[in-house]
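Chemist: Start counting at 1 in the sequence shown, then tack on 939, and there's your number in our numbering. The C-beta atom is built at its ideal place from N, Cα and C for all residues, glycine as well. Quick caveat, the model's predicted, so the values are computed rather than measured. Pasting a structure below so you can have a look.
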Amino acid sequence: ERETWRTMASKEVPAKAEEALRSKMKHLAHKMCKKNIEDFVACSRKFNLAVVLACREENRQMNECTNKYTNSEVLEDIKTQWLKQGKPSSHEWMPNVKPK
940 ERETWRTMAS
950 KEVPAKAEEA
960 LRSKMKHLAH
970 KMCKKNIEDF
980 VACSRKFNLA
990 VVLACREENR
1000 QMNECTNKYT
1010 NSEVLEDIKT
1020 QWLKQGKPSS
1030 HEWMPNVKPK
């Protein structure tokens, strides 16, 4: 059944809706990775121009975290949830995202 919904999700989600779902995905990634993002921002403020060299680990951890929540598999899951829930148009609707 999951594969059927996933196949439908790829075909039945209009471009504008996909853009909104992608935005929700990014919002959730920022929420889930808040500490990693804050650590990188703090490091970059401290080291200014040397950020590339000085903040490699913080950057790696931030990217590793956000990539778990912003990939094609997560987006397909979000599309599937949106379709299963009847294509809700409410801005308050948020998908249940699990890292991939």
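Starting from the Cα of M1001, find the closest Cα among C982, E1012, L988 and L1022 and give me that residue.
Modeler: C982
Chemist: Leaving out five residues on either side along the sequence, give the residues of the same chain with a beta carbon under 7 angstroms from the beta carbon of E958.
Modeler: none
Chemist: Out of E951, F986 and A956, state which residue places its alpha-carbon closest to the alpha-carbon of S1029.
Modeler: A956
Chemist: Evaluate the contact criterion for the stretch 958-968 versus the stretch 986-998: three or more CB pairs, one atom per stretch, below 8 angstroms.
Modeler: no
Chemist: Excluding the five sequence neighbours on either side, which residues of its own chain have a C-beta within less than 7 angstroms of the C-beta of A989, listed in chain order?
Modeler: none
Chemist: Is the distance from the Cβ of Y1008 to the Cβ of V1036 below 8 angstroms?
Modeler: yes
Chemist: Looking only at C-alpha atoms, which of T1019, C1004 and L960 sits nearest to C972?
Modeler: C1004
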